[in-house]
Structures are given as structure tokens and as C-alpha cells.
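A.B. asks: So the sequence lines, in the order shown, correspond to chains V and P. First residue of the first sequence: 1391, per our numbering; consecutive thereafter. First residue of the second sequence: 492, per our numbering; consecutive thereafter. Pasting in a structure now, in C-alpha cells, and then I'll have a few things to ask.
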Amino acid sequence: MRGRGLWLDLLAAALFVGLLAALPGILRGAYGQASVSYLALGIRAVGLAVLALSWDLVARTGQLSLAHAAFYGAGGYAAAVLLRLTDAPVWAGIPLAGVVAAALALALGGATLRLYGIYFAIGTLAFAEVLKTVVKSTPFAITGGSVGTNLPPLFRPQFVAGAMERWEVAYLRNQGYFLVYLGLLALAILVSVLVQRSRLRHAFTAVRTNEWVAGVMGVNPARTKLVAFVISSAIVGMLGAIEAHRFGSVNPDATFSVHTTVLALVTPIFGGLYTTVGPILAALVLSGVEETLKRTLSDGYLVAYGVVLVVSILFMPRGVMGLFRSLARRRRARAAVGAVAPGGRDA
Amino acid sequence: MPEPILRAEGLSRSFGGLKAVQDVSFSVEAGEVFAIIGPNGAGKTTTLDLLSGLLEPSSGRVLLGGVDVTRQPTYRRCHLGLGRAFQVVQPFPEMTVEENLMVGALFGKPGAPATEAARRVEAALERTGLSHLREAPVEDLNLLQEKRLEIARALATEPKVLLLDEVMAGLRPAEAAQAVELVKQVNAEGVTVVFIEHVMPVVRDLAHRVLVMDHGRELARGTYAEVTADERVVRAYLGDPDPEEA
């Protein structure tokens, strides 16, 4: 019954990821040197999609988490500290970041997920601040203290004189990162689709829409929320590690910035909550809008970007996906004219 | 004598200064249909909330099949076989009728395979007459259908004891008669039923025993004939404008 839907979703996801995987080559062929900056934009967009989709997983259980920066930062620091203290391979930090973020989410979520609504949100807002303070006060030898520490890049393409042009080094580097980001997005999509097509979706939706009744129906609300929180944190932790490698360093203020949390929640709200497509679509659209505004307006672009967000949330309170859905419903209703007018209520 | 399937021992619950339920004790035998009646504000729904775990008692115990579940969360009581339909219908929005039932069927019995859950959903849909509405969003249901959904969802958890909170309220006599038949059928299959009801003919038709509550306390207990002949019960209802009382 659900089986076919699952395979169709996975097929669509595979097509989408496959298409994106071909993008670097296509851009290079079409734009040459300019493809380097297009790819940089692509990396940001895919990164934002991972951030948004992972946040949405928690939102599906009805929890407004303001802790995304904490797990993002914890992931970045997990990789940084591992490579600072040991001779571990460069890539080892990424899975470790996922594990550390998940463990942290298990501990913090276990303590706070019993809080309802706004209290949970406020509680989670403190996570990033607490971690930031903890990192600042650790010995310099471990985390770099308040200064931060450097990480090696994941890719070191070598310039071969005569065989390639200078910009191709940057291209190869961006191509590598783009594919790594895309791999993480593929993982996030896979998790999201599996959640949506399994019994977890019923548990998530039941807990979100009526936690008390969900309990009476046999759903364990605390455990359901914790599952979403831990999975979500593991994904964003790995994102934090990959970004730390790309930026080349971590430091307490930037790595635990509340900006990350804001992006994580604004993007899925713009795209449409509780869906796989919504957050991804929003990340792609918003990255494009931001870049365009930045290029045309330079300094004041953030003001215009804010206006775009406010206006779209005013006119699309259920996000882009909600807009699509209500348009489809209107079309169906128009097609049904002539039949008996439905007496249904419109939410 | 076998252990009663559901037992309340000295249950009390206060909200601030208000003593909503005071020292209420009763036992329900397996297979019984047990009614809780009383004027508005008598503490009936609070009593059900204490039984299903939505509220913690200030004192007293709840035993389910001999197991003390007083400190157990709602979902564990559900796993132990306690089902509940609410007075104010509380379907999960954003879901279809079938999906609403699926929540109870999948999670009401831990570790139930999906095929078995689907079978229980099917059975519950059929017996409540909701099969043709399975794909309907719950927002599209009318009150009668919503009431049926409440019962169906509780049945999908395959309860041993079913708590029904005024499921007949707002139904027309013919609809209420259907609902009475449904409860009788469910009971005939071995499900113990505890229900709150204002419609006295329904209580008369269904209940093996009746607990009358007033001001949070037990006022009387016995068969329908016994409690309705009790002077204290008659007095408690006097002045109550409820026309069904007559």
C-alpha cells in the first residue's frame, strides 16, 4: 500500500540528486571560469537545504527548536578538535560530528523535550549560548579557546602548469565540496522520505497535532520527539563539520551564531513545513534571491531580502508548498462545479 | 473471585481549591458495562482522565488488570489495553479518517506488524460504518461521523477496557440507538466498557451497573433500577434542567 509511494519518492529523489550531481560539469562547460562562483552559490544553496530539511524533521513533531546552531557548532568543533588532537584522517571528523551532535541532542533533548511549546523553544535557544561559553573556557590546547582553531580543507587540488588554467584549481575545489554537500543532502532526503513513508510519520503528526491524544492512542510523545531531535541533530552536526572544513576554521562566535538557527527555521517556513520538497525548494529559491539582491543592491540587500521574506510569509502563510496545494485544490473545485457544491469547511 | 479488570482506589484530584474528585473507589469486572452518571460538574470526566492517565491523582490508585498504573503514562496504559473516546471529539487534523485510525492501530499495541494494524483499522472502519469515508480528511466530517471516528480510533487500539465519554451527546435518537447497538456488540465480543452518559434511556439499555457522582463524590452505586430509585440521586438531579432526567 505504502510501498509504491516510497519507491516513487526515492526515484524522484535519486533523479533530483543525480541531476544536481551533473551540475558542476554542465556549469563548467557553459560558463568556464564563471562556473567557480556559480558553484559557490550552489554549495550555499545545498547547505541551506540540508539545514532547512533537518530542522523541518524536528518541526514535524511540533517542536520549535532554536538549537540548530548548537548542533551545527558542536559538529564543527567535533571535527576540529579531533584533527587538532589526533592524526586521524581528514574525513574522520564528519561522521564523528554526526555522532557527537546526536549524543548531545540525546542528552539535551531528554532534559528539555518535556517542555511544551514556547518553553521548549526558549530552552533550546540557550543550548548554543551555553556551548559557546563552554568552548571559550576550554584550554587553548584542545579547542583553541575563544580564538578558535583551523581545520585542513577536504580538497587540495594541485595546479599543474600547462595542463590546466589557474581558475580550474578553484573549480575542482568547489566541485569537490559541492558533491560532498550534495551527498549530505541526499542522506537528509533519504531520512525525510523514510520518515514520511513509515509509521514514524503517523507518530510525528499525531504528536504535533495533539500530543495528549497521541499518548492515549499509544504513541510515546517524549520518545517520538527525541527520535526526531536526535536524527535532525546528527545531520546538522555533519553539516557543521563539512562547513568548518570549507571555511578552514571554527571560532566560538561564528560557529555557534544564532544566524544559523534563524536560517534553519525561516527557510522551511518559506517553503512549506512538514514536507521534503518545501525546505529544499525554499533553500534553492532563497539562495538565488539573496544572491541576486546582493549583486544588484550591494550594501542594503539584507533590507530587501527581509522585505521579500516578510511579504512571502504574509501572502503564503503555509509556504510555497501550501500555495501549490491550495491552487491545486481550487482547480479541483472548479473542475467539480456542476456537481453538488461541497459543503466542506475551508481551513 | 477474579481480579477486577479496572479498579479505582480512593481517587482524589483537586484543581487549586476545587476538589473535582474526592475519594472515589469502584471496581469494574471483565465483560461488564459500567456507567458513570451525575449532574454537570460532578467530576465524571475528571475521573476518566485519572483512569486514562491524562491527569495524575492527588491521591489514590488506578489498577488495570491488577497492575498498578497510577504513575504510568497514558501510552503505557493504552498498551495495557485501555482505550478512550473523548467527549469533545479530538481527531488528529491534517489526517484522513483512515490515518487517524492507523495511529491507534500502529501504536496501540507495541510491535504490531503493519499488516495486523491495517486489519484492525479495516475492522474498526467497518463496524463504525466509516469505510466509505476512509480517504476523507477529518475536517470534512459531520458531528455524527466525528463521534464514530472517536470510537473507531479507540477500537483500533484493540482495547480490553473502553472508556467512552458522552459519545451519544448531540446525536438524534435514531443515531443514538445505532451507537447503543455498536457498544453492545463491542461488549459482546468481550470488551469491558466504562461510559459517561447523560441520556438516561441509554444508561438503562446499556449499563449493568451505575455509579452516580455528585460534587466529586460517589452518591450511589448499583443497578439502573436501584440508583434511580435512590432518593439522594433524585435530589441531586432536582433543579437540573436536563430534560432527559424525567
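All residues carry an ideal CB built from backbone N, CA and C; glycine is no exception.
I'd like to know if the region 518 to 529 of chain P and the region 700 to 710 of chain P are in contact, where contact means that at least 3 CB-CB pairs between them fall below 8 Å.
C.D. replies: yes
A.B. asks: For L1544/V, which residues from the same chain have a beta carbon less than 8 Å from its beta carbon, with the 5 sequence-adjacent residues on both sides left out?
C.D. replies: The beta carbon of L1544/V sits closer than 8 Å to those of V1480, W1481, G1566, Y1567, V1570, I1632, H1635 and R1636, all from its chain and outside the five residues before and after it, given in chain order.
A.B. asks: According to DSSP, which residues form a beta bridge with V524/P?
C.D. replies: According to DSSP, which records beta bridges pairwise, V524/P is partnered with V684/P.
A.B. asks: Looking at the C-beta of Q563/P, does it have a partner C-beta in chain V at a distance below 8 Å?
C.D. replies: no
A.B. asks: Cβ of A1593/V less than 8 Å from any chain P Cβ?
C.D. replies: yes
A.B. asks: Hey, is A1737/V's beta-carbon within less than 8 Å of any beta-carbon in chain P?
C.D. replies: In this prediction, A1737/V scores a pLDDT of 35, lower than 50, which makes its location untrustworthy; the coordinate-derived value is nonetheless stated afterwards. Taking Cβ atoms only, chain P reaches closer than 8 Å to A1737/V, which makes this a yes.
A.B. asks: I'd like the span of the alpha helix (DSSP H) that includes N1582/V, first residue to last.
C.D. replies: The question names Asn, but residue 1582/V in the sequence shown is Ser. Note, S1582/V: alpha helix (DSSP H), W1557 to Q1586.
A.B. asks: Can you name, in chain order, every residue of its own chain whose Cβ lies under 8 Å from the Cβ of A1385/V, other than the five neighbours on each side?
C.D. replies: Here chain V comprises residues numbered 1391 to 1737, so residue 1385/V is not present and cannot be evaluated.
A.B. asks: Please classify F1549/V: does DSSP put it in a helix, a strand, or coil?
C.D. replies: coil
A.B. asks: Could you give the distance in angstroms between the alpha-carbon of T538/P and the alpha-carbon of S549/P?
C.D. replies: Computed Cα separation, rounded: 12 Å.
A.B. asks: Report the rounded CA-to-CA distance for E1680/V versus D1399/V, giving the unit in angstroms.
C.D. replies: 29 Å
A.B. asks: Cutting at 6 Å between CB atoms, please list the residues of its own chain near Y1439/V, excluding the five before and the five after it.
C.D. replies: Here residue 1439/V is Ala; the residue named in the question, Tyr, does not match the sequence. Closer than 6 Å at Cβ, skipping near neighbours: L1575, I1670 and A1673.
A.B. asks: Kindly identify the DSSP beta-bridge partner or partners of A711/P.
C.D. replies: V703/P
A.B. asks: Along chain P, which residues have their Cβ under 7 Å away from the Cβ of G1452/V?
C.D. replies: Simply none; closest approach about 11 Å.
A.B. asks: S505/P lies in the alpha helix (DSSP H); which residues open and close that run?
C.D. replies: No alpha helix (DSSP H) contains S505/P, which is instead part of the beta strand (DSSP E) from L497 to F506.
A.B. asks: If you run the structure through DSSP and keep just helix, strand and coil, what is M1607/V?
C.D. replies: coil
A.B. asks: Cβ of A1624/V less than 8 Å from any chain P Cβ?
C.D. replies: Taking Cβ atoms only, chain P never reaches closer than 8 Å to A1624/V, which makes this a no.
A.B. asks: Whose Cβ in chain V lies nearer than 7 Å to the Cβ of E585/P?
C.D. replies: Within 7 Å Cβ-Cβ: T1595 and T1599.
A.B. asks: Nearest chain V C-beta to F598/P closer than 8 Å, yes or no?
C.D. replies: The C-beta of F598/P comes closer than 8 Å to at least one C-beta of chain V.
A.B. asks: Taking 8 Å as the CB-CB limit, is R1589/V close to chain P?
C.D. replies: yes
A.B. asks: List the residues of chain V whose Cβ lies closer than 7 Å to the Cβ of E590/P, in chain order.
C.D. replies: H1592
A.B. asks: Under 8 Å, Cβ to Cβ, is there at least one residue of chain V near A605/P?
C.D. replies: yes
A.B. asks: Given that G551/P touches chain V, what residues does it touch there, using C-beta distances under 8 Å?
C.D. replies: Within 8 Å Cβ-Cβ: nothing; G551/P doesn't reach chain V, min ~20 Å.
A.B. asks: Find the residues of chain V that neighbour T684/P, judging by a C-beta separation of less than 8 Å, and give them in chain order.
C.D. replies: Checking the sequence shown, residue 684/P turns out to be Val, not Thr. Within chain V, no residue comes near V684/P; the closest Cβ sits about 16 Å away, beyond 8 Å.
A.B. asks: Pull the bridge partners of R552/P from the DSSP assignment, please.
C.D. replies: E500/P
A.B. asks: Keeping to the same chain, check which residues put their C-beta closer than 7 Å to that of V671/P; ignore five residues upstream and five downstream.
C.D. replies: V693, D696 and L697
A.B. asks: Which runs of the alpha helix (DSSP H), 4 residues or longer, sit entirely within the region 1630 to 1715 of chain V?
C.D. replies: 1642 to 1645, 1648 to 1661, 1667 to 1687 and 1691 to 1705
A.B. asks: Could you check how far apart the C-beta atoms of R644/P and N591/P are, in whole angstroms? I think they sit under 8 Å.
C.D. replies: 5 Å
A.B. asks: Mind checking if A1604/V is an interface residue toward chain P, Cβ cutoff 8 Å exclusive?
C.D. replies: So yes, A1604/V belongs to the interface.
A.B. asks: Quick one: is H623/P near chain V, going by C-beta distance under 8 Å?
C.D. replies: no
A.B. asks: Put M438/P into one of helix, strand or coil per three-state DSSP.
C.D. replies: Any question about residue 438/P goes unanswered here, given that chain P covers just 492 to 737.
A.B. asks: Any idea which residues DSSP pairs M691/P with across the strands?
C.D. replies: Looking at the DSSP output, M691/P sits in no beta bridge, so it has no partner there.
A.B. asks: Within 10 angstroms of the Cβ of H1458/V, are there 16 or more other Cβ atoms? Answer buried if so, exposed if not.
C.D. replies: buried
A.B. asks: Start and end of the alpha helix (DSSP H) containing D1446/V?
C.D. replies: S1425 to A1449
A.B. asks: With a 10 Å radius around its C-beta and 16 neighbouring C-beta atoms as the bar for buried, classify S741/P as buried or exposed.
C.D. replies: Any question about residue 741/P goes unanswered here, given that chain P covers just 492 to 737.
A.B. asks: Going by alpha carbons, who is nearest to T1533/V out of L1683/V, R1394/V and P1642/V?
C.D. replies: It is P1642/V whose Cα lies nearest to the Cα of T1533/V.
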